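Novice:
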Amino acid sequence: MTQPLLKLEGLKKHFPTTTGGAFSKTKGTVKAVDGIDLEIHAGQTIGLVGESGCGKTTAGRTILKLYEPTEGKIIFEGEDLAPLSPKKMKPYRSQMQMIFQDPFASLNPRQTVGSLISAPFQIQGITPEGGIIEEVQRLMKRVGLNPEHINRYPHEFSGGQRQRIGVARAIALKPKLIVADEPVSALDVSIQAQVVNLLEDLQDEFNMAYIFVAHDLSVVQHISDRVIVMYLGKVMEEADKHDLFSHPRHPYTKALLSAVPVPDPKIGRARERIILQGDLPSPVNPPAGCVFNTRCWKAQDRCRTEVPQLMQIGVNHRIACHFPEA
Amino acid sequence: MTNKPFLEVKNLNVAFPTEDGLVKASSDISFSVARGETLAVVGESGSGKSVTSLAVMGLHNRKSAQISGQAFLNLESGPVDVISAEDEVVRKLRGKAMSMIFQDPMSALHPYYSIGNQLIEAWSLYNEGSKEDGRKRAIEMLDLVGIPAADKRVDEYPHQFSGGMRQRVMIAMALINNPSLLIADEPTTALDVTVQSQILQLIRDMQKEFNMALILITHDLGVVAEVADRVNVMYAGKIVESGTADDIYYRPDHPYAIGLLNSIPRVDQLEDKRLVAIPGQPPSLIHLPQGCSFRARCEFADRVPGNLCATTTPTLDQKGDGHFSRCHLPESELIKARVEIGGRK
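Residue numbers (this note's numbering), protein chains in the order written: chain A, 1 to 326; chain B, 327 to 671.
#1: Count Cβ pairs between the segment 298 to 307 of chain A and the segment 562 to 573 of chain B that sit closer than 8 Å; are there 3 or more?
#2: Is there a C-beta anywhere in chain A that falls below 8 Å from the one on arginine 629 of chain B?
#3: Mind checking which residues open and close the alpha helix (DSSP H) that includes serine 523 of chain B?
#4: Given 8 Å as the limit, is there contact between the segment 594 to 607 of chain B and the segment 190 to 201 of chain A, that is, 3 or more CB pairs closer than that?
#5: Looking at methionine 496 of chain B and alanine 434 of chain B, is the spacing between their C-beta atoms short of 8 Å?
#6: Please report whether the beta-carbon of serine 610 of chain B lies at a distance below 8 Å from any beta-carbon of chain A.
#7: Taking C-beta to C-beta, are valine 335 of chain B and alanine 397 of chain B nearer than 8 Å?
#8: Taking the CB atoms as reference points, tell me whether isoleucine 75 of chain A and lysine 7 of chain A lie closer together than 8 Å.
#9: Could you pull out every unbroken beta strand (DSSP E) segment of at least 3 residues lying fully inside the segment 52 to 139 of chain A, listed in chain order?
#10: If glutamate 327 of chain A sits next to serine 258 of chain A, beta carbons under 8 Å apart, how far is it from one beta carbon to the other, in whole angstroms?
#11: Over what stretch of residues does the beta strand (DSSP E) that includes arginine 226 of chain A continue unbroken?
#12: With distance defined between alpha-carbon atoms, name the residue in B/Arg479, B/Cys635, B/Leu611, B/Ile612 nearest to alanine 622 of chain B.
#13: Count the C-beta pairs between the segment 99 to 111 of chain A and the segment 135 to 146 of chain A that are closer than 8 Å, then say yes if the count reaches three, no if not.
#14: Taking only beta-carbon atoms, is leucine 459 of chain B less than 8 Å away from chain A?
#15: Quick check: threonine 62 of chain A and valine 213 of chain A, are their CB atoms within less than 8 Å of each other?
#16: Is it buried or exposed, alanine 22 of chain A, if we count other Cβ atoms within 10 angstroms and call 16 or more buried?
#17: Who are the near neighbours of isoleucine 223 of chain A in its chain, counting only those whose CB is closer than 8 Å to its CB and skipping five residues on each side?
#18: Kindly give me the distance between the Cβ atoms of phenylalanine 504 of chain B and phenylalanine 536 of chain B, rounded to whole angstroms, as I take these residues to be in contact under 8 Å.
#19: Should glutamine 194 of chain A be flagged as near chain B, meaning a C-beta pair shorter than 8 Å?
#20: Leaving out five residues before and five after lysine 25 of chain A in sequence, what residues of the same chain have Cβ atoms less than 6 Å from its Cβ?
#21: Please decide whether leucine 276 of chain A counts as near chain B, where near means a Cβ-Cβ distance under 8 Å.
#22: Counting only beta-carbon separations shorter than 8 Å, does leucine 445 of chain B have a partner in chain A?
#23: Flag this pair as yes or no: are the beta carbons of proline 287 of chain A and threonine 294 of chain A separated by less than 8 Å?
#24: Do glycine 442 of chain B and aspartate 469 of chain B have their C-beta atoms closer together than 8 Å?
#25: Count the other CB atoms within 10 Å of the CB of histidine 654 of chain B; is the residue buried (16 or more) or exposed (fewer)?
#26: Just the chain B side, please: which residues come within less than 8 Å of valine 219 of chain A by C-beta, in chain order?
#27: Is valine 315 of chain A buried or exposed, if buried means 16 or more other CB atoms sit within 10 Å of its CB?
#28: Of all the residues that make up the segment 51 to 62 of chain A, which are near chain B by a beta-carbon distance shorter than 7 Å?
#29: Just checking: is the beta-carbon of lysine 671 of chain B within a distance shorter than 8 Å of some beta-carbon in chain A?
#30: Which residue comes first and which comes last in the alpha helix (DSSP H) that contains isoleucine 473 of chain B?
#31: For a quick check, are the C-beta atoms of aspartate 279 of chain A and serine 523 of chain B less than 8 Å apart?
#32: Starting from the beta carbon of asparagine 197 of chain A, find every residue of chain B whose beta carbon is closer than 7 Å, and list them in chain order.
#33: One question on the structure: do arginine 361 of chain B and phenylalanine 332 of chain B come within less than 8 Å of each other, judged by their Cβ atoms?
#34: If contact means a Cβ-Cβ distance below 7 Å, which residues of the segment 368 to 388 of chain B contact chain A?
#35: Within its chain, find whatever has a CB closer than 7 Å to the CB of isoleucine 36 of chain A; leave out the 5 residues flanking it on each side and keep chain order.
#36: Determine the closest residue to proline 147 of chain A out of A/Gly159, A/Arg249, A/Arg164, with distance taken between C-alpha atoms.
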């Protein structure tokens, strides 16, 4: 295989928790992301899934160095970005972009669409061929917006159209990698499909790699080539999409998949469902041993003391579990 | 269900006057739900799902909303129309005859009072008895909805509960007076998927336990498939299709319902098929187009003879036993439409 576009080695992001007040002291750490390894190639989509608090968003942001990583390497085209200063990061920024979840919060309401989409050119000091305005209009057309609306403000657009503005801004500099953090979860069902299709078309056109962060397993299943399942900052299972969805080996993945409702009454009612007991434990004070042991129906004494390591159990299939499913 | 419906809504219209014009949030809504039956209401934001149920609960401000039509609750003492009844009368029905749970359990619970106090308050509205009796009942309900160590947690405050646990508290509060009708407005949307399945299971168990009529409002077609007996599909303030869950999922009649079902990815289908998106976006409720509200997004409108879709608003017509659809498309074209949208997948 060729060199991967991006390679993560043991990426960690810990946040200190403090006692607060004027004489604030650090009292502990939240291990939001506690060791991710991954390789992504051009044109590939990796889905990062898990429930709230599992660290998927933090992972996505740390990859782009929006958070300073605590430990580990972020190797982009052979260069480790982790130690780089913000200034040295700047040239790399044009090659890695982000699409945010909430198209209402991620667009400055006082800027026109034109100035929002042209911001990447201004920041990087690039003048595209034919001038910025022409390029912005071309981008608007490409993502399905009317180029005549270039002087309108975000509030004049619907949720789906705003997300298209976010997409246009992200692809403006023709990046090689896009981290999309829940890009469709704020959208209505009939609009979700439009944006998912747009992202797929753009990927085909520009051969971009996507890291697709989402909690909706149906969408992740549809768009991803490979999927990483996280729980409380740890990777539980990682596999190619078909393996993971047709034959999950980690008990958590199995339970997670069985909990996803299927839009088909006969299948939906008949499907065997594993209902996990309880809630996610607090990430401030995660369980000892395997972080999933408090909700796992297979947990034994070993799971409460010994942390399972991520192990290869098949072709491109890794899990962290002492007692994997058959 | 052959028994007499508990809730009968007839020609309900809700509109809000604004500076820009009249927002016709829901129009010409008729449906009924019997005890023990689950009606799911699906649609996009702004399709009128919540507005309709808030009208049934009598929760709209009568000064700012224009409401017409009827919504009968068939109580043992006789039917009561909650739309025309006095506020005082409706207030006495809320919590007892009908109850509601909301999407966001954090904003629906008061942060300043303990869970127990909030439950006791709901109980004491309809029950004579000491605070101790109320507390006993509160613990019983918390236990029933699966909150561990209910006798201790009853004295805790909402912020000490997780999202799923808060939603359980909301359910306990809604059910503490044995309502006959429960309206659940997006009860699991704010929850993680593993917690969602716990809460859906709980709502189903509670419905059996109390023999309630249940209206479940959601945009998640997966959730609907799992729990609904009947489904109302709403678009731009109107019911566009209504039928059993099987009718809607296997024999959808309205191009919007057909499109919606084909636009969602399924976790159990691994083929790499392109999603069939519905083009465009819903119309403004202030300037609804003449004729069919879905016409601008409908790819079959040109197959209806006489430009009917542009001129005449379709009526909700019977297509089969208990199956209604609001579309001009003739039956023969409809069968083709189902195949075309489905087959393109």
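Idealized CB from N, CA, C, for every residue including glycine.
No experiment lies behind these values; they were computed from the predicted model shown.
Specialist: Let me lay it out:
#1: no
#2: no
#3: 519 to 536
#4: yes
#5: yes
#6: no
#7: yes
#8: yes
#9: 71 to 76, 96 to 99
#10: With chain A covering only 1 through 326, there is no way to say anything about residue 327 of chain A.
#11: 226 to 231
#12: B/Cys635
#13: no
#14: Note on identity: in this sequence residue 459 of chain B is aspartate, with leucine being the wrong assignment. So, not an interface residue.
#15: no
#16: exposed
#17: Thr45, Gly47, Val196, Leu199, Glu200, Tyr210, Phe212
#18: For the sequence presented, residue 504 of chain B should be read as asparagine rather than phenylalanine. Going by Cβ atoms, the distance from asparagine 504 of chain B to phenylalanine 536 of chain B rounds to 6 Å, so yes, they are a contact pair.
#19: yes
#20: Thr19
#21: yes
#22: no
#23: yes
#24: no
#25: buried
#26: Pro591
#27: exposed
#28: Glu51, Ser52
#29: In this prediction, lysine 671 of chain B scores a pLDDT of 39, lower than 50, which makes its location untrustworthy; the coordinate-derived value is nonetheless stated afterwards. Answer no: the Cβ-Cβ gap between lysine 671 of chain B and chain A never drops below 8 Å.
#30: Neither: isoleucine 473 of chain B is in no alpha helix (DSSP H) and is coded neither H nor E.
#31: no
#32: Arg600, Leu601, Ala603
#33: yes
#34: Glu370, Ser371
#35: Leu8, Leu11, Ala59, Val235
#36: A/Arg164
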